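Enquirer: Per our numbering, residue 1 is the first one in the sequence shown, and the count goes up by one each step.
A virtual CB, placed ideally from N, CA and C, is assigned to each residue, including glycine.
For clarity, every value in this text was computed on a predicted model and none was experimentally measured.
Quick one: the structure is below, and I'll ask about it shortly.
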Amino acid sequence: MISISGIFAVTFSVVFAYVADVTEEHERSLAYGLVSATFAASLVISPALGAYLMTEYSTNLVVALATAIAILDVLFILVAVPESLPEKVRPSTWGPTISWEQADPFQALRKVGKDHTILMLCSTVFLSYLPEAGQYSCIFVYLRLVIGFSVFNVAVYIAIIGILSVVAQTVLCFLMRSLGPKRTIMVGLLFEMLQLMWYGFGSQLWMMWAAGILASISSITYPAISAFVSLHSEADKQGLVQGMVTGMRGLCNGLGPAMFGVIFYLFHVDLDDKAVNNNHNNYNTINKTVEFTENVPKMIPGPPFVFGAMLVMCALLVAEFIPLDSNTTSLKATSRRQSGMSVEVHYEIERLKKHDGGVGPLTSLVDHNSVVL
1 MISISGIFAV
11 TFSVVFAYVA
21 DVTEEHERSL
31 AYGLVSATFA
41 ASLVISPALG
51 AYLMTEYSTN
61 LVVALATAIA
71 ILDVLFILVA
81 VPESLPEKVR
91 PSTWGPTISW
101 EQADPFQALR
111 KVGKDHTILM
121 LCSTVFLSYL
131 PEAGQYSCIF
141 VYLRLVIGFS
151 VFNVAVYIAI
161 IGILSVVAQT
171 VLCFLMRSLG
181 PKRTIMVGLL
191 FEMLQLMWYG
201 FGSQLWMMWA
211 AGILASISSI
221 TYPAISAFVS
231 LHSEADKQGL
241 VQGMVTGMRG
251 LCNGLGPAMF
261 GVIFYLFHVD
271 LDDKAVNNNH
281 NNYNTINKTV
291 EFTENVPKMI
301 PGPPFVFGAM
311 LVMCALLVAE
321 FIPLDSNTTS
331 LKATSRRQSG
341 MSVEVHYEIE
351 RLKKHDGGVG
361 PLTSLVDHNS
371 VVL
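Here's what the structure looks like:
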């Protein structure tokens with residue numbers, strides 16, 4: 001089941017590519033922020049709802065409800081979501097019109113991988129999301145067993161951080177307009193580095209709450225990177241480059257938890273709930289917090305978070321060298337439609353270019369000298 005889930009883990013790539021098709025350049029950062037905000041809101045609602053249903057009813061009900069929601073989502077897309085491609089460029093049949101070379105993912109990656117900017121962005125995603133994936137896998141257990149959060153405090157913590165993340169995603173558009181895509185990415189990376197440092201060196205409850213606020217602000221990094229990628233990629237390669245970025249995140253989802261687990265093991269920090277309970281650690285019956293400090297380093301309670309902050313510092317250095325001038329990238333969307341140009345006109349221009357200036361139904365409507373191709 002996990003393997004099947006990994007094969008179909010392309011939802012974000014397709015969604016971001018769709019957003020790039022149906023929005024103008026100046027609207028994409030806002031659209032990406034809204035998509036990410038919706039995802040963050042689901043992260044707030046679904047864990048609490050799933051835990052409640054599992055406690056009150058059964059695990060089977062939770063699985064059945066999730067399956068039903070997924071089926072309804074597919075039906076909604078089929079019925080209500082329009083196709084982003086204009087009708088004249090859609091495939092006429094469902095038949096196999098793709099060659100083996102086009103179907104080879106490694107061939108496509110080699111072509112796009114020649115672009116220096118895309119490679120630097122993927123490196124930034126890898127270095128920044130590797131510690132983030134490890135953090136997601138253990139942060140709530142870490143808060144409960146090492147810092148001393150109660151189960152109720154952890155639930156409240158999840159809700160507050162999720163709400164703040166939604167707010168951060170909604171202001172992404174204003175940051176993109178005022179600072180630019182590159183600076184917005186660096187702001188997100190800076191806050192991610194600070195929150196990892198705070199998690200790594202903090203040992204008090206209030207420090208964890210402060211680190212959570214920084215973590216919610218750092219959630220703007222990935223939408224900003226996706227917006228930057230969409231602005232610097234050809235229109236017909238949106239799905240491919242978004243897939244590369246999402247693929248890096250998928251790779252980090254596997255490596256990040258393993259990296260954090262190894263570092264916790266090297267520093268003798270045991271996050272095994274059962275093992276810790278067998279050692280008869282202290283339990284505070286007044287505020288219902290668990291105090292496990294026997295094997296926790298005094299100076300650095302969370303060593304993996306500090307190591308992750310160093311990786312994010314490397315990501316900041318890589319992001320600093322991402323070119324601000326979009327003309328420096330070979331994958332610049334030369335075929336991307338300009339603001340105010342319809343999708344149909346855009347694809348008609350592309351078709352005429354490929355046929356050496358052939359005449360089409362929209363030829364008289366387009367002044368090629370006035371359009372930057």
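State whether the stretch 153-162 contacts the stretch 185-193, with contact taken as three or more CB pairs (one from each stretch) at a distance under 8 Å.
Expert: Contact fails: fewer than three Cβ-Cβ distances are below 8 Å.
Enquirer: Determine the extent of the alpha helix (DSSP H) in which V166 is found, giving its start and end residues.
Expert: Taken as a continuous stretch (DSSP letters only), the alpha helix (DSSP H) holding V166 covers 151-170.
Enquirer: Can F16 and Q242 be called in contact, C-beta distance under 9 Å?
Expert: Result yes, Cβ atoms of F16 and Q242 sit closer than 9 Å.
Enquirer: Give the range of the alpha helix (DSSP H) segment to which Q195 is assigned.
Expert: Counting along the chain, the alpha helix (DSSP H) containing Q195 begins and ends at 181-201.
Enquirer: Look up Y283 in the DSSP assignment and say whether it is helix, strand or coil.
Expert: For Y283, the predicted structure reports a pLDDT of 42, less than 50, and the residue's modelled location is therefore unreliable. The matter cannot be settled from this model.
Enquirer: Indicate the three-state DSSP secondary structure (helix, strand or coil) for H268 in the structure shown.
Expert: Here H268 sits in coil by DSSP.
Enquirer: Spatial neighbours of N253 within its chain, please: CB distance less than 7 Å, with the 5 preceding and 5 following residues excluded, ordered by chain position.
Expert: Within the same chain, N253 has close Cβ partners A133.
Enquirer: How long is the line joining the alpha carbons of V35 and Y222, rounded to whole angstroms?
Expert: Distance between the alpha carbons of V35 and Y222: 11 Å.
Enquirer: With DSSP as the reference, label S58 as helix, strand or coil.
Expert: Note: S58 maps to coil in three-state DSSP.
Enquirer: Between the stretch 160-175 and the stretch 214-233, are three or more C-beta pairs nearer than 8 Å?
Expert: Touching, yes.
Enquirer: Residue range of the alpha helix (DSSP H) that T117 falls in?
Expert: First-last of the alpha helix (DSSP H) with T117: 116-142.
Enquirer: Three-state secondary structure (DSSP) at T11?
Expert: The answer is helix: DSSP assigns T11 an H, G or I state.
Enquirer: Looking at the unbroken alpha helix (DSSP H) that takes in I147, where does it start and where does it end?
Expert: Element bounds for I147: n/a, residue is neither H nor E.
Enquirer: Might you give, ordered along the chain, the residues of its own chain that have their beta carbon closer than 7 Å to the beta carbon of F307, omitting 5 neighbours on each side?
Expert: Counting only Cβ-Cβ distances below 7 Å, and skipping sequence neighbours, we find I263.
Enquirer: Grab the span of the alpha helix (DSSP H) containing E385 for me, first residue to last.
Expert: The chain is shown only over 1 to 373; residue 385 falls outside these bounds and no answer can be derived.
Enquirer: Could you compute how far the alpha carbon of T11 sits from the alpha carbon of F260?
Expert: Near 26 Å, if we compare the C-alpha coordinates of F260 and T11.
Enquirer: Beta carbon of G444, beta carbon of V269: below 9 Å?
Expert: The structure shown does not extend to residue 444, since the chain is modelled only from 1 to 373, so the question has no answer here.
Enquirer: In its own chain, which residues sit with a C-beta less than 8 Å from the C-beta of V318, not counting the 5 before and 5 after it?
Expert: The answer, listed in chain order, is M120, S123, T124, L127.
Enquirer: So what does DSSP say about Q204, is it helix, strand or coil?
Expert: Looking at Q204 - three-state DSSP - the assignment turns out to be coil, as it is neither helix nor strand.
Enquirer: To the nearest angstrom, how far is the alpha carbon of N327 from that of Y18?
Expert: A caution first: N327 carries a pLDDT of 46, below 50, which makes its placement in the model too unreliable to give a value.
Enquirer: Would G256 and P131 be called neighbours here (beta carbons separated by less than 9 Å)?
Expert: In contact: G256 and P131 (Cβ atoms closer than 9 Å).
Enquirer: Jot down the residue ranges of each uninterrupted alpha helix (DSSP H) in the stretch 213-263, minimum 4 residues, whole runs only, in chain order.
Expert: Taking only runs of at least 4 residues, the alpha helix (DSSP H) segments lying wholly in the stretch 213-263 are 221-231.
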